[in-house]
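These protein sequence lines map, in sequence, to chains H and A. To convert, take the position in the first sequence, counting from 1, and add 4; that gives our numbering. Numbering-wise, our numbering puts 33 at position 52 of the second sequence, and it's gapless, one number per residue. C-beta atoms are modelled at their ideal positions from N, C-alpha and C, and glycine is treated no differently. Notes follow the structure.
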Amino acid sequence: MILRFLKLEWKQFFRSSYWQKSMALNMLMGFFAIYFLVSFLALGFGIIPILKEFSPDVDPLQKLNSLLIFWFLGDLIFRYLMQKLPMMNIKPLLILPIKKTILVHYVLGKSVVSFFNFLPLFAFIPISIMLLREDYSTIGVLGWLAAMISLTLFNNFINFLINKNNIAFTSIAFILITLITIQYFGVYDITPFFGHLFDSLIKTPLLAIVPLVLAISTYFLNFKDLKNKVYLDDAISKKIKEANTVDLSWADKLGDVSIFIKNDIRLIWRNKRTKTVFFMSFLFLFYGLLFFTQDTYNNMPTFLVFVCIFITGGFTLNYGQFIPAWDSSHYKMLMSQNIRYRKFLESKWVLMVVMTIILYFLSIPYIYFGVDKFLIITAGAIFNIGFNSLFLLYAGSFNRKRIDLNKSGFSNMQGTSATQFLIIIPIMGIPTILFFIFSKLIGFNAGVIAIAITGLIGILFKNYFMNLIEKKYLQDKYATIHAFDQK
Amino acid sequence: MIQSINISKKYGQAEVLNIESLDIPKGQSFGLVGNNGAGKTTYFNILLDLIRPTTGEIINNNVVVNKSEDWKTFTGSFIDESFLIDYLTPEEYFYFIGELRGMNTADIDTFLQQFDEFFNSEIIGKKKYLRDLSKGNQKKAGIVAALIGNPEVVILDEPFANLDPTTQIRLKQIIKELTENREITVLISSHDLTHVTEVCERIVVLEKGEIVKDIKTSAETLKELESHFAV
């Protein structure tokens, strides 16, 4: 039986649409995966020496142990947001002569073999190797490692127990934040308490049994809970959310593009992928904090141009690059309706412009880092409005990849093709080069003005460019319809 | 109303559609029948200018469909679920189509009232997105959306599939009422011979992309079709 399940898994993995992508994309994803693994390995091998250097008088393992509580709480929150028990997978097996208990074991067992459980291994195993080299007792280190793995699995199963229970989630997040706050402000140092718990593992490795028992008992709690829920109207059901209909008639003021704007707002708000894009664009706002606070970058204004484009352009870049693929699932319908393509495109433009303006106003606090930075941000915003929004609309006519809106947005590369990589060149390159040339030749202000003027030209000649863009879209209509039909 | 002249569609060497000439007069209820891959949906897609024919053209009410888009104002259609905007509720979807066709929400509400029976209170006010409705209910919403804005031409691909018996009967009633005044031309494709013979006054059989039968519906039509398809 297990062998059969394994065969199924094998096929599911290698036949999933995940791999049916272009070579380049697979390589890129592979690169990201390797990057993650390497960073974890580096963390694993590096943390003991680093801790030693920072606090030479404390035992590095004790220091590490005292911080582990944050790791596991963080891990739990991460899992809560990203990991789900793959119950839907067993739907086709329900009507076959297989006992339900076996199916539940299968699902739970499968969850053990997941990315979330493997990634920590890439940190814990190197740490153990380093510990052995530091002359900790072998048996003690093995006990410690066993405890770490058990606790990872404990987290794995706890997550399914509290699955999608917001109260549990808020309390965990609350605990984590409280712990960090009282730690940070030195109200009370809680780390020694948890540190000692983990320390004792080295002294008495047999204690590793405790987390193991915890992991096993949560496994069986899950098992008991799920065993009676293997029904289509219970655990194996897709959650249907009640539709939230918000009155959007205020958008009618925007004139004849309002109908598409309203639709786009609903599109963004009601689909996972687009929602992620929306929230991401606000995260991009903080991009400046990373760079403005470091002197290395402050002396490289040309590099800051790059950063400033991102600050106000988060939405334009993330949303704009996939136009019109957001509408791919109902593109045929739009094309058979009595619409003016111009209005459809213009609504997307308005949306990008409005969001850029909102993000620009939110970026005003950056004045704190200096007026010069804010000037670049301003020029960047004008460039985003005038050039990038129009350019992305044009580039969008080359989009030929369907997007499934209901798939989660995290690390979802669906819809990505060479277009998305090529467009980066003008979007980022033009302002950077403009600034570089003018600031070197004339001065800082000239560089900023050059970026702003390029944007203004785009705004002034918007109608002319829009005509070109509309023509291109209409020309490519059949190719786009055909491409969006391919699942 | 609809003239198809020398329409053909080839994918590489394979020809999926080849219609020398097909005239559908105004007000006719027209049925398209054929096995899978006979070219029914391809024909509808060309008629809606969603794919380009390899040769020939279709003229819808004096508009060549791939030259001008004016046909869109008087043509309503529902081909499959990909015509629905799945993250909208049915009401929002109807309002959206209505707005495109110059009707405000009040107009749409009045318009929808006549379909209360057809919807069987499973569509309106359910607080569900279209993507969460059952296949049958999605189809109901799509069919009614195709009728918004007084279209002169209505195109429905497989409208009876996935519908429950009561709704099938009601749909037949709706189609008959549509063509009653000889104002609206209705094009339907179906696998179900009984249904098409009941609602369509003319039935064309497609086979491997070609017209093999063109029948004016009579009492014997169903028998004739059944013997044609029985192999």
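Judged by DSSP in its simplified three-state form, Asp251 (chain H) adopts coil rather than helix or strand. Between the alpha carbons of Thr142 (chain H) and Leu65 (chain H) lies a distance of about 14 Å. Residue-level contact by beta carbon fails for Gln87 (chain H) and chain A, as no gap is shorter than 8 Å. By the CB criterion at 8 Å, Thr458 (chain H) and Phe387 (chain H) fall inside the cutoff. Secondary structure of Gln(-16) (chain A) (DSSP, three-state): strand. Within the same chain, Gly8, Pro132, Glu133, Val134, Val135 and Leu159 come within 8 Å of Ile165 (chain A) by CB-CB distance, once the 5 residues on both sides are set aside. Ranking H:Leu135, H:Leu107 and H:Gln87 by CA distance to the CA of Lys95 (chain H) puts H:Leu107 first.
Judged by DSSP in its simplified three-state form, Ser340 (chain H) adopts coil rather than helix or strand. A buried status is given to Leu29 (chain A), since no fewer than 16 other beta-carbon atoms sit within 10 Å of its beta-carbon.
The Cβ atoms of Leu409 (chain H) and Arg277 (chain H) lie closer than 8 Å to each other. Counting along the chain, the unbroken beta strand (DSSP E) around Ala(-5) (chain A) starts and ends at Ala(-5) to Ile5. Collapsing the DSSP output to three states places Gly57 (chain A) in a strand. The beta carbon of Trp52 (chain A) sits closer than 7 Å to the beta carbons of Asn41, Asn42, Val44 and Val46 from its chain, once the five residues preceding and following it are set aside; these are given in chain order. Cα atoms of Met134 (chain H) and Thr105 (chain H): separation of roughly 42 Å, rounded to the nearest angstrom.
In the structure shown, Gly50 (chain H) adopts helical secondary structure according to DSSP, grouped into three states.
Residues of the segment 163 to 190 of chain A with a Cβ closer than 9 Å to any Cβ of chain H: none. According to the DSSP assignment, Ile169 (chain A) belongs to no alpha helix (DSSP H) but to the beta strand (DSSP E) extending over Thr166 to Ser171.
8 Å or more divides the Cβ of Tyr68 (chain A) from the Cβ of Asn303 (chain H). Put simply, the backbone Cα of Ile313 (chain H) is about 15 Å away from that of Tyr301 (chain H).
Considered as a whole, the segment 325 to 398 of chain H harbours 335 to 339, 345 to 366 and 375 to 387 as its complete alpha helix (DSSP H) runs of no fewer than 4 residues, in chain order. Taking C-alpha positions only, Leu426 (chain H) is separated from Phe36 (chain H) by approximately 19 Å.
If you draw a 10 Å sphere on the C-beta of Glu73 (chain A), you find 16 or more other C-beta atoms in it, and that means buried. For the pair Tyr(-8) (chain A) and Arg33 (chain A), the Cα-to-Cα distance works out to about 11 Å. Taking 8 Å as the threshold, the shortest C-beta distance from Ile220 (chain H) to chain A does not fall below it. The criterion of a C-beta distance shorter than 8 Å is satisfied by Phe141 (chain A) and His176 (chain A). Distance between Leu293 (chain H) and Val311 (chain H), taken at the CA atoms: about 10 Å. Cβ-Cβ distances below 7 Å link Gly20 (chain A) to Val(-3), Leu(-2), Leu187 and Gly190 in the same chain, with the five nearest sequence neighbours on each side left out; the list follows chain order. In terms of Cβ geometry, Gly48 (chain H) and Phe158 (chain H) do not form a close pair [threshold 8 Å]. Between the alpha carbons of Glu57 (chain H) and Ile220 (chain H) lies a gap of roughly 38 Å.
Judged by DSSP secondary structure, Asn41 (chain A) falls within the beta strand (DSSP E) whose first and last residues are Thr36 to Asn41. The beta-carbon of Asn471 (chain H) is placed no less than 8 Å from the nearest beta-carbon of chain A.
Contact annotation: in the segment 57 to 74 of chain A, residues whose CB is within less than 8 Å of a CB in chain H are Ser58, Ile60, Ser63, Phe64, Leu65, Ile66, Asp67, Tyr68, Leu69, Thr70, Glu72 and Glu73. Residue state for Arg151 (chain A) is assigned as helix, using DSSP reduced to three classes. For Glu80 (chain A), the residues of chain H that pass the 8 Å Cβ criterion are Ile263, in the order they occur in the chain. With respect to the 8 Å criterion, Leu321 (chain H) and Asp331 (chain H) are not classified as neighbours on the basis of their beta carbons. For the 8 Å CB-CB criterion, Asn69 (chain H) and Ser115 (chain H) do not form a contact.
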